[in-house]
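One structure below.
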Amino acid sequence: KAELVMTTFYYEPPSKHQDRQFKGDVSAAYAWATQVAEVEVDTATGIVRLLKITAAHDVGRVINRLGIEGQIEGGVVMGQGYALTENLIVEHGRVQNPNFRDYKLVTAPEIPEIDVAFIETMDGEGPQGAKGVGESPAICVAAAVANAINNATGVRITSLPFTPERVYRALRGQLPLPVWNVPA
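Heads up: the sequence shown begins at 44 in the working numbering, then just goes up one per residue.
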């Protein structure tokens with residue numbers, strides 16, 4: 044078991060709220076997050092099973108611990124769908140998988156163990172020092188899963204979702220290499 048430690052610093056310039064011309068900064072309180080995934084990869088079938096996500100999020104000041112934890116857990120499950128199952132197929136302007144038989148969502152038995160860690164920092168822009176935590180839990184999952192697949196198999200997959208077919212083909216060298224891995 045490895046311990047991961049990182050220290051960083053960011054100076055946030057003062058935010059400019061919208062003026063009468065509706066101009067201003069897009070974010071008054073930047074939220075930071077990182078996630079680590081533990082996966083199981085069946086190399087015979089390409090099936091990736093997400094076992095655990097550790098999600099560390101800078102949420103500013105925690106006001107409602109249970110609410111924020113639920114928000115992060117829900118976002119992780121949403122990101123799990125982006126990473127592993129949700130594949131919208133459009134051909135000639137028509138959706139080819141318009142129902143839940145063909146468009147796969149994550150179901151309760153597939154939800155991994157989710158370990159949430161709060162990083163509390165005071166933010167002068169947020170209410171009582173809090174920061175938003177709406178999107179960040181979903182955004183980090185795919186990268187964490189991609190890195191876990193790479194760690195488990197040595198294969199780097201750069202297209203979502205990591206379907207069994209895509210993983211199977213990647214394991215057999217049948218997917219194009221990412222541009223940064225193409226031999227010169």
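Positions of the beta carbon are idealized from the N, C-alpha and C atoms, including for glycine.
Please tell me whether, using a cut-off of 6 Å, the distance from the CB of residue i to the nearest non-hydrogen atom of the ligand COA is below it.
| i | result |
| --- | --- |
| Q217 | By its list of ligands, the structure shown contains no ligand whatsoever, and the ligand COA lies outside what it can speak to. |
Can you tell me the Cα-Cα spacing of residue i and residue j, whole angstroms?
| i | j | result |
| --- | --- | --- |
| P155 | L93 | 6 Å |
| G187 | Q171 | For the sequence presented, residue 187 should be read as Ala rather than Gly. The alpha-carbon atoms of A187 and Q171 are separated by roughly 31 Å. |
| I96 | C183 | 10 Å |
| D101 | V91 | 28 Å |
| V149 | I106 | 29 Å |
| Q123 | Q217 | 24 Å |
| I192 | R63 | 49 Å |
| D85 | L214 | 10 Å |
| Y125 | D166 | 30 Å |
Spell out the partners DSSP gives residue i in its beta bridges.
| i | result |
| --- | --- |
| F161 | H100 |
| R144 | For R144, which the question treats as bridged, DSSP gives no partner whatsoever. |
| L93 | V82 |
| E153 | DSSP lists no partner for E153. |
| V133 | V138 |
For residue i, which three-state DSSP category applies?
| i | result |
| --- | --- |
| T50 | coil |
| T88 | coil |
| A126 | helix |
| R108 | helix |
| V138 | strand |
| A74 | coil |
| R63 | coil |
| G118 | helix |
| G169 | coil |
If you count every other CB in all the chains shown that lies within 10 Å of the CB of residue i, and 16 or more means buried, which is it?
| i | result |
| --- | --- |
| A160 | exposed |
| A98 | buried |
| P204 | buried |
| D145 | exposed |
| I111 | buried |
Legend entry - Uninterrupted alpha helix (DSSP H) stretches inside the region 173-226 (no shorter than 4 residues): 179-182, 184-196, 207-214
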